[in-house]
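This report concerns only the one structure given below.
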Ligand code: PGA
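In the numbering used here, the protein residues as written are 545 to 804.
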């Protein structure tokens, strides 16, 4: 494992395999909940975090981790789809993590995907996070187009929880989660990039050669809304990128930005 660390720059942890990335990410979640059992955290859907969830669920079953008090805020949801619906991202997260890890259902904070006044409801979601002391940890994945949650290209670092249009690329990516059997809505509601940036710790998990180029752009090119993930660098030392070697293969430096 290769880790670079400084005082005010992000940490890049490169590990050999997907499994090692998953274990490292699970370690970060475990450390957060050991320190603050009722921490408010947000965690992603998608392919990348599945190994992290398997690892965490195994640890829960072995009695090594207890997430029963943890508050989980959903990162994103399709608009006008109930969080209870089989084809919702919330159900996906429930199956992969919330139920098997025995997180209390009343500690799961779903996005107001069906609210008549989405703007007001999104502001309430932000207030719920604040009322629990803010996000202790945000684990996020990297979209092939550089999105974080559903903060699509064009999203700025001040963006808050809101309704967004999905790009065709993200809709295709999402369709794969359901084996193409489900029509993906054109809009979604997402936690904002600015909201994620308030978290006390941010962990970006990235695996696979297919993410190597977008990870390089996110970490080594100037920060830009064209690649929303690049704004995560504003979190400086609060950001840790955990990548496997395939995903890190195009990075010029082993440190992020200025560190070598
Ligand atoms: P993936 O999605 O893990 O399925 O590649 C990442 C993301 O879009 O957040």
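All residues carry an ideal CB built from backbone N, CA and C; glycine is no exception.
What you are looking at is a predicted structure, and each value in this text was computed from that prediction instead of being measured.
- Annotation for residue 737: the continuous alpha helix (DSSP H) segment containing it runs 737–740.
- The continuous beta strand (DSSP E) containing residue 680 extends over residues 679–685.
- For residue 685, the closest C-alpha among the options 560, 774, 580 and 582 is that of 774.
- Per DSSP, reduced to three states, the secondary structure at residue 599 is helical.
- Nearest to residue 609 by C-alpha distance, out of 618, 615, 599 and 659, is 599.
- Each residue's CA atom was taken as its position, placing residue 584 and residue 748 some 17 Å apart.
- Under the DSSP assignment, residue 706 falls in the beta strand (DSSP E) whose first and last residues are 706–709.
- Among the bridge pairs identified by DSSP, residue 694 is matched with none.
- Excluding residues up to 5 positions away in sequence, 584, 585, 586, 617, 673, 739, 740, 742, 743 and 744 lie with their Cβ nearer than 8 Å to the Cβ of residue 679 in the same chain.
- Residue side-chain check: residue 634 keeps its Cβ at 8 Å or more from all non-hydrogen atoms of the ligand PGA.
- Per DSSP, reduced to three states, the secondary structure at residue 650 is helical.
- Proximity of the beta carbon of residue 593 to the ligand PGA is indicated: a heavy atom of the ligand is located closer than 8 Å.
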